[in-house]
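Down below is the structure, laid out as structure tokens.
2 protein chains.
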Amino acid sequence: MIDDQLDVVFGALADPTRRAILARLALGETTVTELAAPFAMSMPAVSKHLKVLERAGLISRGRNAQQRPCRLEAAPLADVAEWVQTYRRFWEGSFDRLDEHLQDLQRGQQA
Amino acid sequence: MIDDQLDVVFGALADPTRRAILARLALGETTVTELAAPFAMSMPAVSKHLKVLERAGLISRGRNAQQRPCRLEAAPLADVAEWVQTYRRFWEGSFDRLDEHLQDLQRGQQA
DNA sequence: CAGTTAATTAACCGGAAGGTTTGATACGTG
DNA sequence: CACGTATCAAACCTTCCGGTTAATTAACTG
């Protein structure tokens, strides 16, 4: 994945409103009005959040009369998962010590 | 995990310089000067990035004479992985169709 | 103590983010 | 066609972000 793409995806996820929107969409496709309901903000604000999510490829939009239903597109999250995955060994115990040891060796501080 | 925390972690990851710093730190603890070397930006800029990473809990800092070595702290990435994990079924094929079907049922459009 | 190295803080700047209100657009209905 | 509904676009405001330079702190070295 292009680095730029990770930028916009991580950027899109760095906002609680947008994560809440994704959580709602995980329950199924819905309209902008319904998405906006739980939030104490204007419709245009929600509309902007949707644009950010769309730019990140995290949602797609249809057309149904006046409505433009949103649906979750989770594919970019696979890239996020993959990126995070490369750091898994660092939080899954006991590697810290090993790394520490290797670093010590590297600096000639071996006992 | 508190939602706020995900905000700052995702926010910290939404920058290529900061992800590159994490990648470098995955190879081992190092100094600010060495971290800054690959980037076409001033030391204070890097220093700021480090502060963002530290605030997100993604790095910690020591003290070694004049140097303040940085080390990777991957724990917050476990929370990110967990968050992303909840969406896994959405990108791992064939669930889309199932979801679509469930949604249809939910709206009383069952055949 | 004077000087050098490592890193941060402070003050500043331009542009992007997140919100608002107001006006436009597109569509279905009478 | 006139009207209501759903949504977006424009203009604007304020705050945050990522960068700069210049000054400061902290620690070692002669």
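Residue numbers (my numbering), protein chains in the order written: chain A, 4 to 114; chain B, 4 to 114. Just so it is clear, CB atoms sit at the ideal spot from N, CA and C, and this is done for glycine as well.
Could you check what DSSP says for residue i in three-state terms: helix, strand or coil?
| i | result |
| --- | --- |
| B:L75 | strand |
| B:T20 | helix |
| A:S45 | coil |
| B:R64 | strand |
| A:Q69 | coil |
| A:T33 | strand |
| B:A81 | helix |
| A:A39 | helix |
| A:A26 | helix |
| B:G3 | In this structure chain B extends from 4 to 114, so residue 3 of chain B is not present and cannot be described. |
| A:E57 | helix |
How would you label residue i, buried or exposed, when you count the other beta carbons within 10 angstroms and need 16 or more for buried?
| i | result |
| --- | --- |
| B:L30 | exposed |
| B:A68 | exposed |
| B:P79 | buried |
| B:A15 | buried |
| A:E3 | Because residue 3 of chain A is not part of the residues shown, which for chain A are 4 to 114, the question remains open. |
| A:A59 | buried |
| A:A40 | exposed |
Practice task
Indicate whether the contact test is met: 3 or more Cβ pairs, each with one atom in the region 32 to 50 of chain B and one in the region 70 to 90 of chain B, closer than 8 Å.
Solution key: Enough Cβ pairs lie closer than 8 Å, so yes.
Practice task
Mind the definition here: the region 39 to 53 of chain A touches the region 15 to 25 of chain A only if three or more C-beta pairs lie below 8 Å; say whether that holds.
Solution key: Contact between the region 39 to 53 of chain A and the region 15 to 25 of chain A is present, because at least three Cβ pairs lie under 8 Å.
Practice task
Note down, in chain order, all residues in the region 55 to 66 of chain B with a beta-carbon under 8 Å from any beta-carbon belonging to chain A.
Solution key: Per Cβ criterion, the list is empty.
Exercise for the section: Pull out every residue of the region 78 to 92 of chain A whose Cβ sits closer than 9 Å to any Cβ of chain B, in chain order. Expected result: Of all residues in the region 78 to 92 of chain A, only A78, P79, L80, A81, V83, A84, W86, V87, Q88, T89, Y90, R91 and R92 come within less than 9 Å of chain B when Cβ atoms are compared, listed by chain position.
Practice task
Residues of the region 14 to 43 of chain B with a CB closer than 8 Å to any CB of chain A: list them in chain order, please.
Solution key: For the region 14 to 43 of chain B, the set of positions with a beta-carbon nearer than 8 Å to some beta-carbon of chain A reads G14, L16, A17, D18, P19, R22, L25, A29, G31 and E32 in chain order.
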